[in-house]
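Report on the structure given below.
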Amino acid sequence: MADDVKIEKVYGRPQVSKFSASEQYVVDLIHRQRDHIMGMSIVEFAEFANVSTATIVRTMKKLGYSGYTDFRHSVSRQHEVEPAVLREADSNIRQVITANLREVQQTINQLDIATIEDSVQQFAGAQMLYIFARGLSEMIADEMALKFQLAGKYTQTLHDPNIIMTLAERVPTTACAIFISLNGETPELVTAARKLRAHGVPIVTITTNADASLAQYTDILLTGYKSAESYFPDYEVHSRLPVQVISRILLDAYVVRVQEQHDQGHGE
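The following block contains the structure:
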């Protein structure tokens, strides 16, 4: 399988996530109007989506189903055991809830255990951690720094653009830099990462954009899933839930591994 094809899950089935534009449109339409679509035949769905039935079939197979009928039956069975809040919510609130659920599920599906372990080892081996973040991601960085400090790791957060640009020149190679950026395109973060990379400082980046400018300067990249929904379209306040989930997993995994080493040391 090609390196750029990721395996994920949607509705409990393995999924190949490399969709064409029309196939991605079908997937997004299912997410938005699932209940309405479940009552349609494949011909009706194709007409509703303004695509061919062949596109529907290809999309279903990439989602891990044998066809549209298999998809409908599987989703119907899942609907029977889904949380009461989803069964009882109207379509608008259901969309809000499922958008958050989908971000968490697909973010976890996109993670790789080897990348998590590599990140943890990088944190453990560093003398100091520097966490770079801007905007709403700063709150995640602050929480991450606090918990690292509670775990005994000296950590500093950097938010101010001028300080970020200045200290990026001074971070020693014995440290590790962590970048938290939803889109990975914040100019001062990209510049700082470029300087750190030039100096040989290892970089771990948490983002939702694998193709971001920040990614090209990163040693270890963890990418979450960002939904298309935004209830504040006029402002750059998109949900940070994907990067928050990843940061929480990294922190907890770090604490677990550190505790394991501590226990082994006392057991010898």
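Residue 11 in UniProt numbering sits at position 11 of the sequence shown, with consecutive numbering throughout. Idealized CB from N, CA, C, for every residue including glycine. If you're wondering where the values come from, they're calculated on a predicted model, not measured in any experiment.
Rounded straight-line distance, which links the Cα of residue j to that of residue i
i                : j              : result
isoleucine 30    : isoleucine 37  : 7 angstroms
valine 43        : arginine 257   : 53 angstroms
isoleucine 246   : asparagine 100 : 14 angstroms
alanine 21       : proline 172    : 44 angstroms
aspartate 118    : glutamine 95   : 36 angstroms
phenylalanine 45 : alanine 126    : 54 angstroms
phenylalanine 48 : glycine 152    : 57 angstroms
threonine 166    : threonine 53   : 57 angstroms
proline 83       : alanine 89     : 10 angstroms
isoleucine 220   : serine 76      : 39 angstroms
glycine 200      : histidine 262  : 30 angstroms
CA nearest to the CA of residue i, picked from the options
i              : options                       : result
alanine 198    : Gly184, Ala177, Met60         : Ala177
alanine 141    : Thr207, Gly64, Val27, Phe71   : Thr207
leucine 136    : Ile97, Val104, Ser239, Asp219 : Ser239
valine 57      : Asn50, Ala49, Gly67, Val51    : Gly67
asparagine 183 : Asn209, Ile203, Thr166        : Asn209
leucine 250    : His73, Val201, Arg194, Ala145 : Ala145
Three-state class that DSSP yields for residue i in the structure shown
i             : result
leucine 129   : strand
threonine 155 : strand
threonine 182 : Reading off the sequence, residue 182 comes out as leucine, not threonine. Coil, per DSSP.
valine 171    : coil
valine 245    : helix
threonine 205 : strand
leucine 136   : coil
threonine 223 : strand
alanine 84    : helix
alanine 177   : strand
Distance between beta carbons of residue j and residue i, contact taken as under 8 angstroms
i            : j            : result
glutamate 23 : serine 227   : 17 angstroms between Cβ atoms; not a contact.
serine 91    : aspartate 28 : No, serine 91 and aspartate 28 are not in contact; Cβ-Cβ is about 15 angstroms, not under 8 angstroms.
Contact check, residue i vs residue j, beta carbons under 7 angstroms
i             : j                 : result
proline 242   : tyrosine 254      : no
alanine 175   : methionine 128    : yes
glutamate 138 : proline 161       : no
threonine 155 : phenylalanine 148 : yes
leucine 196   : alanine 215       : no
arginine 248  : threonine 186     : no
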